[in-house]
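> Okay, here's the structure, questions in a sec.
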Amino acid sequence: MAWPLAASGAAATLGAAATGVVLLMPIDGGTQAWIDSPTAGATLMAGSIVVTAHATDPDEIDALTLTVDGERVDDDKAPDRTGLLAFGVFDWMATPGTHTLRVAQVGGSETVSDELVVTVLDPSVPAAPPVVEPTPSATVSATPSASTSPSASPTTSPTPTGSASEIPKPTKPVQPTKPAPSTTAAPPPAPAPVIDSAAFTGPWASDPKLYTFASCPYTVRVEARIRNATQARVAVSGVGSFPMSSSGSTWAATLVSGFDAGQVGTHTVSVTASGPGGTTSKTVGTLTIAPSCPKD
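To get this note's numbering, take the position in the sequence shown, counting from 1, and add 440.
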C-alpha cells in the first residue's frame, strides 16, 4: 500500500511542483514508464541525486526499480498512485562519468522506460582554462617595378633616353606575438551542506507515534535548519525516505499514519541533505509505528 505524505509550506500548496517534478502524462492508456528528473543530457555533480519517475498500468504496480548502467541501485516499494498513474522517488549516489538510467515496473506489465543518459562531474576537479590560439599578422612584401620612357629627337640619329625607378628592398615579415599566459584561477570548491539542527515538532513531538490505520489523524512533523543544500529528505529506517520542502534555510516534512502491519515497531529517523558540495546526515530521534488507531 502507498505511504501518504503531506508536505508543509510550499509543498502542501503546489504538490508535485514543489519537489521539482514535471508530470508528463501519457498520450494513451497503455502501459508506460518514464523518468521525470534528471532530464536527458543533464550535467550533474557527483553525490546524492534524487531521481523521480512515473509509470502507468491498468494493473497494480507493486514497485518501481531504478537501474544505472544496468545495475539495480534503488527501489520504491510503495509508489504513490493516482488512478492508473504511479509516482516513484529514488536515491542514487552518483559517481563521475557518463551513466545510463532506466526505470522498470515490478508487477503489472513489467514495463521498462527508455534509456536516459546523463553526465556526472567531479566537483573536486577544476575546469581546464580556455586555450587562446595566436593570430599571425599579415606579411608585407614589396613588388619591384620599372618604367622606361623612350624619347626621339628630330635628327637622323635619334638617341633614346630612358630612366628606371629604384627597386625597393622587400621588408621582413612581421612575427606573430606570443599570447600571454592565462591567469584564470580554478573556481573554489562548493561548500559542503551543514545541518545545524533537526527535530520533531508539533503537538506529538515529545512522543512521536504513527499508526497503521490510514485515516488516523496522528501526524509527525520533522523540521531542520540546513545550509548549502539543494535537496533534503527524511529517512525512516526500515520504511523509506520522504522529500522535504524548504522555506529559506528551514526544511520540513510531515509524516502521516497509514503503514503496513509489518512495519509496526520503533524506527530511527534521520535527515539527509545534499548539494554541489556533497551529502551529510543528522539523526532526529525514534518514531514508533503502532497498530490500528487510538480512540480520541
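Where a beta carbon is used, it is the ideal one built from N, C-alpha and C, also for glycine.
Are there 16 or more other CB atoms within 10 angstroms of the CB of glutamate 663, so buried, or fewer, so exposed?
The residue given as residue 663 occupies position 223 in the sequence shown. Its Cβ being crowded by 16 or more others within 10 Å, glutamate 663 is buried.
> Could you say if the region 696 to 704 and the region 642 to 661 meet the contact criterion of at least three C-beta pairs nearer than 8 Å?
Yes: at least three Cβ pairs fall under 8 Å.
> Would you kindly report the start and end of the unbroken beta strand (DSSP E) that includes methionine 506?
Walking along the sequence shown from the start, residue 506 turns up at place 66. At residue 506 the sequence reads leucine, which differs from the methionine that was named. Looking at the DSSP string, the run of the beta strand (DSSP E) that includes leucine 506 is 501 to 508.
> Can you list, in chain order, the residues of its chain whose CB lies under 6 Å from that of valine 490, leaving out five sequence neighbours each side?
Counting from one through the sequence shown, the residue named residue 490 turns up at place 50. Contacts found: Gln671.
> Which residues in the same chain as serine 549 place their Cβ atom closer than 8 Å to its Cβ, once the five residues preceding and following it in sequence are excluded?
Within the sequence shown, residue 549 is the residue found at index 109, counting from 1. For serine 549, where only same-chain residues beyond five positions count, the Cβ hits under 8 Å are Thr471, Asp497, Asp499.
> Check this for me: beta carbons of valine 558 and leucine 504, under 7 Å apart or not?
Start at 1 with the first residue of the sequence shown, and residue 558 comes out as number 118. Start at 1 with the first residue of the sequence shown, and residue 504 comes out as number 64. The answer is no: Cβ separation not under 7 Å.
> Straight-line CA distance for serine 637 to alanine 692?
Within the sequence shown, numbered from 1, the residue matching residue 637 stands at position 197. Within the sequence shown, numbered from 1, the residue matching residue 692 stands at position 252. If you take the alpha carbons of serine 637 and alanine 692, they lie about 12 Å apart.
> How would you label serine 710, buried or exposed, when you count the other beta carbons within 10 angstroms and need 16 or more for buried?
Position 270 of the sequence shown, counting from 1, holds the residue named residue 710. Serine 710 should be labelled buried.
> Which ranges would you report for the beta strand (DSSP E) in the region 599 to 678 if only whole runs of at least 3 residues count?
DSSP runs (the beta strand (DSSP E)) wholly in the region 599 to 678: 634 to 641, 649 to 651, 659 to 667, 671 to 676.
> Along the chain, where does the beta strand (DSSP E) containing aspartate 476 start, and where does it finish?
The residue labelled residue 476 in the question sits at position 36 within the sequence shown. Looking at the DSSP string, the run of the beta strand (DSSP E) that includes aspartate 476 is 472 to 477.
> Give the secondary structure of glycine 688 by DSSP, where H, G and I count as helix, E and B as strand, and everything else as coil.
Here residue 688 is taken as the residue at index 248 of the sequence shown, counted from 1. In this structure, glycine 688 counts as coil in the three-state DSSP scheme.
> Might you give, ordered along the chain, the residues of its own chain that have their beta carbon closer than 7 Å to the beta carbon of glycine 718, omitting 5 neighbours on each side?
Residue numbering aside, residue 718 sits at position 278 when the sequence shown is read from its first letter. Only Gly487, Ala632, Pro633 meet the Cβ criterion.
> Anyone know if the C-beta pair for proline 519 and phenylalanine 527 falls short of 7 Å?
As a position in the sequence shown, residue 519 is number 79, starting the count at 1. As a position in the sequence shown, residue 527 is number 87, starting the count at 1. Yes. Within cutoff.
> Looking at the structure shown, is glycine 718 part of a helix, part of a strand, or coil, going by DSSP?
Here the question's residue 718 lines up with position 278 in the sequence shown. Glycine 718 falls in the strand class under three-state DSSP.
> Looking at threonine 708: is its Cβ nearer than 7 Å to the Cβ of lysine 649?
Locating residue 708 in the sequence shown gives position 268, counting from the first residue. Locating residue 649 in the sequence shown gives position 209, counting from the first residue. In this structure, lysine 649 does not lie closer than 7 Å to threonine 708 by Cβ.
> Measure the beta-carbon distance from leucine 525 to histidine 494 and round it to whole angstroms, keeping in mind my assumption that it falls under 8 Å.
Residue mapping note: residue 525 aligns to position 85 of the sequence shown, counting from 1. Residue mapping note: residue 494 aligns to position 54 of the sequence shown, counting from 1. With 8 Å as the limit, leucine 525 and histidine 494 qualify as a contact, their Cβ atoms being about 6 Å apart.
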